[in-house]
Structure formats: C-alpha cells, structure tokens
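>
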Amino acid sequence: MAFSGFSASIKSQLNGIYRYMSAYYSICIEMLSAAQLRWFMKKRLLFAMNNLGCGGAEKSLVTLLNCIDYSSFEVDLFLFDADGLFLELVPPEINLLPGPEYWKVMNSSFASSMKTLARQGRPDLMLCRVMQAALCRTFSSPERVEQHLWRYVRRALPALDHQYYAAIGYMEKNPVYFIADKVKASKKIGWVHTNYSRLDINKRIEDRYFCKLDYIVTVSEECARVLKDMFPAHKDKVMIIENILLPELIRRMAGIKEMDEIKETEELNGVKGEKEPQEAEGEAEVKEIRTEEAENAKGTAEIEVIKETGKEVEDNEAKRVKEGKKGMAAQAALKKPVKLVTVARLAYPKGIDMALEACRLLINGGHEVIWRVIGEGPLRAELEKKIKEYNLEKYFLLEGSMQNPYPCMKNADIYVQPSRYEGKSIAVEEAKVLCRPVVVTCYGTVKDQIKDKVNGLVSDMSPEGLCESIKLLMGSKALRDSLVSNLQKESSGNRSEINKLYRLIEG
Numbered sequence: 001m002a003f004s005g006f007s008a009s010i011k012s013q014l015n016g017i018y019r020y021m022s023a024y025y026s027i028c029i030e031m032l033s034a035a036q037l038r039w040f041m042k043k044r045l046l047f048a049m050n051n052l053g054c055g056g057a058e059k060s061l062v063t064l065l066n067c068i069d070y071s072s073f074e075v076d077l078f079l080f081d082a083d084g085l086f087l088e089l090v091p092p093e094i095n096l097l098p099g100p101e102y103w104k105v106m107n108s109s110f111a112s113s114m115k116t117l118a119r120q121g122r123p124d125l126m127l128c129r130v131m132q133a134a135l136c137r138t139f140s141s142p143e144r145v146e147q148h149l150w151r152y153v154r155r156a157l158p159a160l161d162h163q164y165y166a167a168i169g170y171m172e173k174n175p176v177y178f179i180a181d182k183v184k185a186s187k188k189i190g191w192v193h194t195n196y197s198r199l200d201i202n203k204r205i206e207d208r209y210f211c212k213l214d215y216i217v218t219v220s221e222e223c224a225r226v227l228k229d230m231f232p233a234h235k236d237k238v239m240i241i242e243n244i245l246l247p248e249l250i251r252r253m254a255g256i257k258e259m260d261e262i263k264e265t266e267e268l269n270g271v272k273g274e275k276e277p278q279e280a281e282g283e284a285e286v287k288e289i290r291t292e293e294a295e296n297a298k299g300t301a302e303i304e305v306i307k308e309t310g311k312e313v314e315d316n317e318a319k320r321v322k323e324g325k326k327g328m329a330a331q332a333a334l335k336k337p338v339k340l341v342t343v344a345r346l347a348y349p350k351g352i353d354m355a356l357e358a359c360r361l362l363i364n365g366g367h368e369v370i371w372r373v374i375g376e377g378p379l380r381a382e383l384e385k386k387i388k389e390y391n392l393e394k395y396f397l398l399e400g401s402m403q404n405p406y407p408c409m410k411n412a413d414i415y416v417q418p419s420r421y422e423g424k425s426i427a428v429e430e431a432k433v434l435c436r437p438v439v440v441t442c443y444g445t446v447k448d449q450i451k452d453k454v455n456g457l458v459s460d461m462s463p464e465g466l467c468e469s470i471k472l473l474m475g476s477k478a479l480r481d482s483l484v485s486n487l488q489k490e491s492s493g494n495r496s497e498i499n500k501l502y503r504l505i506e507g
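Going letter by letter, the sequence shown gives residues 1 to 507 in UniProt numbering.
(1) Give me the residue from K339, K187, V440 with the minimum Cα distance to N455.
(2) Give me the Cβ distance between R252 and D200, rounded to the nearest whole Å; I'm assuming they're in contact under 8 Å.
(3) I need the straight-line Cα distance from Y56 to Y406, nearest angstrom please.
(4) So V90 is in the alpha helix (DSSP H); what residue range does that whole segment cover?
(5) For A111, is the classification buried or exposed, using 16 other Cβ atoms within 10 angstroms of its Cβ as the cut-off for buried?
(6) With DSSP as the reference, label M461 as helix, strand or coil.
(7) Using a threshold of 8 Å, state whether the C-beta atoms of Y165 and I505 are closer than that.
(8) So the beta strand (DSSP E) Q163 belongs to, where does it begin and stop?
(9) Rank G465, E93, M126, L61 by C-alpha distance to the C-alpha of L246 and give the top, closest one.
(10) Sort L346, P98, K385, V338 by Cα distance to I363 and report the nearest one.
(11) Report the rounded CA-to-CA distance for C67 versus A427, giving the unit in angstroms.
(12) If you draw a straight line from the alpha carbon of G366 to that of L340, how long is it in whole angstroms?
(13) Just the C-alpha distance for N50 and R380, rounded to the nearest angstrom, thanks.
(14) Might you give, ordered along the chain, the residues of its own chain that have their beta carbon closer than 6 Å to the beta carbon of M354, omitting 5 neighbours on each side?
(15) If you measure from the CB of I10, is any heavy atom of the ligand SAH nearer than 7 Å?
(16) For T194, name the three-state secondary structure that DSSP assigns.
(17) Report all residues from its chain with a CB closer than 8 Å to the CB of K187; omit the five preceding and five following residues, and keep chain order.
(18) In angstroms, rounded to a whole number, what distance separates the CA positions of E468 and V176?
(19) So, are the CB atoms of residue 530 and E58 less than 8 Å apart?
(20) Below 8 Å between beta carbons: does that hold for Y395 and I370?
(21) Based on Cα-Cα distance, which residue from L135, E172, F178, K173 lies nearest to A156?
(22) Count the CB pairs spanning the region 218–233 and the region 441–450 that are closer than 8 Å, and state whether there are at least three.
(23) Can you give me the C-alpha to C-alpha distance between E74 and S459, rounded to a whole angstrom?
(24) I'd like to know whether the C-beta atoms of residue 546 and T194 end up nearer to each other than 8 Å.
(25) Quick one: measure Cβ to Cβ for L434 and I250, integer angstroms, because I've assumed they're closer than 8 Å.
(26) So, at 6 Å on beta carbons, what are the nonlocal neighbours of N404 in its own chain, with the 5 sequence-adjacent residues on each side left out?
(27) Closest to K173 by C-alpha separation, out of R151, D161, E248, would be which residue?
(28) Using a Cβ-Cβ cut-off of 6 Å (strictly less than) and excluding sequence neighbours within five positions of L487, which residues of its own chain qualify?
(29) Tell me whether L125 sits in a helix, a strand or coil according to DSSP, three-state version.
(30) Pick out the complete alpha helix (DSSP H) segments inside the region 200–261, 4 residues or longer, and give them in chain order.
(31) How about I352 and A344: are their beta carbons less than 8 Å apart?
(32) When you compare only the Cα positions, how much space is there between R420 and R198?
(33) With 16 as the cutoff for other CB atoms within 10 Å, does R119 come out buried or exposed?
(34) Taking its Cβ as the centre, do 16 or more other Cβ atoms sit within 10 Å of L96, making it buried, or is it exposed?
(35) In three-state terms, what does DSSP make of E312?
(36) Just the C-alpha distance for P158 and K182, rounded to the nearest angstrom, thanks.
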C-alpha cells in the first residue's frame with residue numbers, strides 16, 4: 001500500500017505496520033473454523049407477522065422458520081402481539097424482537113384503552129384509538145379499517161435500528177406496511193395468503209405499498225392470477241411459494257408409524273357400503289377400526305345390504321332407505337356416529353355457519369354424525385347460540401384451538417372444509433397427507449388443491465351442497481376407497497419450496 005505525502009522513514013514504519021496487520025489478519029482467518037466463518041458471513045433476515053395464533057398463515061410461518069438453514073442466515077422475528085398457540089414452536093435460533101407494548105391496549109375496550117394511554121402519557125396513541133373507533137363506524141370491512149388505521153398507527157411505531165439483507169412481511173396489510181415503512185432492508189418481500197378478489201380493500205393504498213416491495217409472494221396459481229389482474233403494474237413482482245408441508249412430521253404428530261395405518265378399512269365408522277352383506281351369529285366378529293356391529297337380538301343379528309336388484313325388500317327400514325335415503329342402506333345398523341372434522345377459524349370466510357346448517361340437515365334427515373370443529377374466532381358466541389337453538393349440542397362441537405389437531409384429523413371419517421374463500425388451505429393439505437376423504441366447497445382456489453371425485457369431493461357452496469356431498473361419501477365405499485387410494489399416491493412433501501425463498505433473497 002502506498003502512503004503518499006509522508007517522509008521516507010514514516011512511510012517505512014507505516015508499511016511495516018500494514019504488513020504486520022495483514023499477516024495477523026491472515027493468521028486469524030486461518031484459525032477460524034468453517035462454522036465460525038459462516039457465522040461471520042450470515043445474512044440477516046427479518047420476518048414480520050401480526051401474531052402466532054391458530055391460523056393457516058401463522059402455521060405456515062412456523063413451518064417455514066423450522067426449515068431455514070441457520071448456518072447461512074440470522075433471523076429476527078417481529079410480532080405485533082407476541083402471543084399465540086404456535087409461539088412455542090418457533091425454533092430456538094430465532095431472535096424474537098420486542099413488539100409494541102401498547103398493541104394489546106389498543107385492542108382492548110375503548111374506555112379501558114383511553115384510560116391506560118392517558119396514564120402512560122401517550123396522546124399520539126390516544127388519537128390512534130379514537131381514529132380506530134371512528135373507522136370501525138365508517139367502514140364495515142375490517143380490511144379497510146386496517147388499511148386506513150395504519151396511517152395513524154405508523155406514527156407511533158418506532159423504526160427498527162438494524163439494516164437487514166431481506167425483510168419479509170409474512171401477511172397482507174399490517175406486516176407488509178410495517179416492513180415498507182419501518183424497516184431498512186436491501187430487499188423487501190410481501191406475502192399474500194388469501195384471494196385478494198374476495199377482500200374489500202382500497203386498491204390505491206395497496207398499490208402504494210406494493211410499489212415499495214421487490215417481490216410479492218403468494219401461495220397458489222389462482223391467487224397469483226388475481227394479484228396480476230388487480231395490480232398489473234406489479235405483475236412481474238408476483239411469485240408463487242407454496243405453504244411448506246412436512247408429511248412425516250404431520251404423521252408422527254398424528255401418532256402414525258407406518259403408511260399402512262392410514263389406509264381405509266372396509267367400513268366407514270358403521271356406514272356400510274355396497275359390498276357383500278355381513279352376518280353375525282352369536283358373537284360379532286371384531287376387526288380393527290371396524291365400527292359396524294350387528295344389533296344383537298337373542299344372541300343373533302343379521303345385517304342385510306340393500307341391492308338395487310328389483311328383489312322384494314321385506315325389511316321396513318330397508319324400504320325407507322331405498323325410497324328416499326341414498327347412501328344410508330346400513331343406517332339401521334349404526335352403532336356409532338360418523339365422525340366429521342373441520343379445522344378452521346370461527347370466522348365468516350371459513351364458512352363454519354354453513355357447516356352448522358349442513359349438520360342440522362344431516363341430523364334432521366336421520367343421519368347420525370358428530371362434527372368437531374377445531375379453532376377459535378369471533379363467531380363463537382353466535383355459533384354457540386345457534387347450536388343451542390337447533391339442539392345440536394351433542395352433534396356439533398366447538399373444540400377450540402389445538403396445537404396438535406392431527407390425531408383428531410386422523411380419526412375423522414370425513415374431513416370437511418366449508419370455506420367461502422381461501423388462499424390455499426393448509427388444513428386441506430394436511431387432511432390429504434393423512435389420507436382422509438375430503439369434502440370442500442367450491443371456493444375460487446379449490447382447483448389448486450382438489451380434483452372432484454379424484455382426491456376429494458367439491459360441493460356447492462351452500463349447506464345443502466355440503467350435506468349432499470357428505471351423504472354421498474357416507475354411502476359409497478367404492479368412492480371412499482378410490483379417494484384414499486389416489487391420496488396415497490400423491491407426493492405431498494414440498495420442503496424444497498424454501499429454495500424459492502433463498503433465490504429471491506439472493507437474486
């Protein structure tokens with residue numbers, strides 16, 4: 001190195017120091033292990049999310065965080081509300097940043113939040129809370145309230161100090177707005193988990209924030225098409241990264257050791273298909289997972305399968321079934337109800353109200369079912385009121401949130417997803433991993449997941465449509481076997497999707 005402007009003696013001394021420091025640095029580098037060198041070279045990432053409650057996007061984020069290569073990346077996680085069912089599943093390598101202390105206060109009642117903020121001396125947040133109340137009165141759409149409220153919330157949020165290699169807002173609206181306004185990063189990525197055409201949003205506000213992003217990631221082909229149609233100026237930014245599924249982990253959490261354990265058995269929870277009749281004389285034959293047993297009458301019972309052969313049917317119950325109750329030929333022999341399971345938030349988009357009405361139709365039609373709904377949400381009180389009104393307390397069960405719903409899903413006879421709209425339902429994919437016969441409504445993105453009568457049934461988006469599809473599955477063993485067989489052939493693992501994120505970050 002040349003040190004111009006100095007005398008010869010000083011230059012000689014400086015060159016000596018420089019050579020010494022260079023040699024020292026080289027020795028230090030040689031002494032470092034490969035792992036230590038990787039640590040120095042790690043890229044720092046930020047993920048921003050509302051919370052880690054019981055939603056599909058939250059589960060998707062936790063799964064993704066558990067797939068990241070932490071030898072190459074150092075990851076910070078910012079949550080507006082550091083709470084939720086999946087919080088304890090965050091890997092230990094994650095650095096959880098402190099969220100805004102006032103966030104829970106802002107979401108408490110108006111009077112309580114105003115008193116608390118006044119005591120804390122936060123007039124800026126008091127203005128935010130007043131505007132939140134005003135916006136809730138102005139807009140019926142929660143999406144528009146969130147959009148317009150951000151203008152006030154952002155003033156009270158401090159910017160993050162760090163410079164990130166990439167910042168990812170892992171859900172539409174607030175997390176995306178946050179990384180756009182409050183984070184310094186070389187690349188900014190927004191994640192969209194829903195079908196934007198079904199949201200009541202101000203497109204101008206979204207467009208302004210999409211301008212600040214390098215990429216817009218979504219989870220399905222249909223969601224990508226909608227984004228490109230709605231925001232053509234940003235169509236080149238739209239990328240697809242599917243929600244990552246780890247089939248072996250799902251099966252292990254469900255208590256399944258071998259794939260054979262999830263194969264369909266001859267009978268579906270007591271609903272007999274169109275095969276040969278079973279005769280039980282004396283003691284009924286006991287088989288694993290077989291739930292249909294003949295009713296004992298003086299130690300002997302006989303179950304007759306009704307075939308459409310034109311023969312005279314002597315059994316009165318058989319006549320009733322053949323005349324009007326398709327798919328329920330063996331209903332008289334039921335000892336246990338058919339188990340239906342849904343995993344979803346108790347919110348309007350998830351259609352749990354339609355599921356309740358479908359359950360009512362099934363019960364009133366003489367079909368014995370128990371429908372378990374796993375999840376929480378704002379419609380619980382309303383649903384509980386209707387359940388009581390319909391006298392369905394024993395048949396339609398709101399189970400609340402579960403960190404591990406997989407044993408319940410595994411034991412379901414039919415998995416039902418009654419959604420009005422979805423980005424790409426993680427719960428449906430998990431039910432497919434567990435090879436459960438699936439009934440889904442015809443929401444816009446369903447074709448990215450289910451082919452009708454191939455790997456599931458797609459019903460009309462109505463209680464009547466759900467009811468008919470469920471009855472069809474209950475009554476057709478051949479159809480159930482076909483769906484399960486096709487699901488067993490599907491390749492459901494997609495851990496490699498994480499490489500798409502790496503390419504966006506590195507590209």
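Virtual Cβ for every residue (Gly too), placed ideally from N, Cα, C.
Because the structure is a prediction, the values reported are computed rather than measured.
This is what the structure gives:
(1) The candidate whose alpha carbon is nearest that of N455 is V440.
(2) That pair is no contact at about 41 Å.
(3) Looking at the sequence itself, residue 56 is Gly, so the reference to Tyr does not match. Going by the C-alpha atoms only, they are around 14 Å apart.
(4) Unbroken run through V90: none, as it is neither H nor E.
(5) Exposed, by the Cβ-count rule.
(6) M461 falls in the coil class under three-state DSSP.
(7) A contact, by the Cβ cut-off of 8 Å.
(8) Start and end: 163–169.
(9) Residue L61 is the option with its Cα nearest to L246.
(10) Comparing alpha-carbon positions, the option among L346, P98, K385, V338 lying closest to I363 turns out to be V338.
(11) Approximately 19 Å between the Cα atoms of the pair.
(12) Taking the straight line joining both Cα atoms gives about 16 Å.
(13) Distance from the CA atom of N50 to the CA atom of R380, rounded to whole angstroms, is 21 Å.
(14) If the five residues before and after M354 are omitted, its C-beta is found closer than 6 Å to the C-beta atoms of P418, P463, all from its own chain and listed in chain order.
(15) This structure lacks the ligand SAH, and indeed carries no ligand of any kind.
(16) Three-state result, T194: coil.
(17) Non-local C-beta neighbours of K187 in its own chain, meaning closer than 8 Å and more than five positions away in sequence, comprise Y165, A166, A167, D214, Y215, L504, I505, ordered along the chain.
(18) Using only the alpha carbons, I get a separation of about 41 Å.
(19) The structure shown does not extend to residue 530, since the chain is modelled only from 1 through 507, so no value can be given for it.
(20) Cβ atoms of Y395 and I370: closer than 8 Å.
(21) Nearest of L135, E172, F178, K173 to A156, Cα basis: F178.
(22) Taking 8 Å as the limit for Cβ pairs, the verdict is that the region 441–450 does touch the region 218–233.
(23) Using only the alpha carbons, I get a separation of about 45 Å.
(24) Beyond the ends of the chain as shown, which are 1 and 507, falls residue 546; an answer cannot be given.
(25) Confirmed, Cβ separation roughly 7 Å.
(26) The residues are M253.
(27) Answer by Cα proximity: R151.
(28) Around L487, the same chain offers K432, C435, N455 as residues with beta carbons nearer than 6 Å, after the five sequence neighbours per side are excluded.
(29) L125: helix per DSSP, three-state reduction.
(30) Note on the region 200–261: whole alpha helix (DSSP H) runs with a minimum of 4 residues are 203–210, 221–230, 247–254, in chain order.
(31) With a cutoff of 8 Å on beta-carbon distance, I352 and A344 are scored as near each other.
(32) Going by the C-alpha atoms only, they are around 9 Å apart.
(33) It is exposed - the Cβ of R119 has fewer than 16 other Cβ atoms within 10 Å.
(34) Counting of Cβ neighbours within 10 angstroms places L96 among the exposed residues, the total staying below 16.
(35) No answer about E312 holds up, because its pLDDT of 40 lies below 50 and its placement is not dependable.
(36) Between P158 and K182, the C-alpha separation is close to 7 Å.
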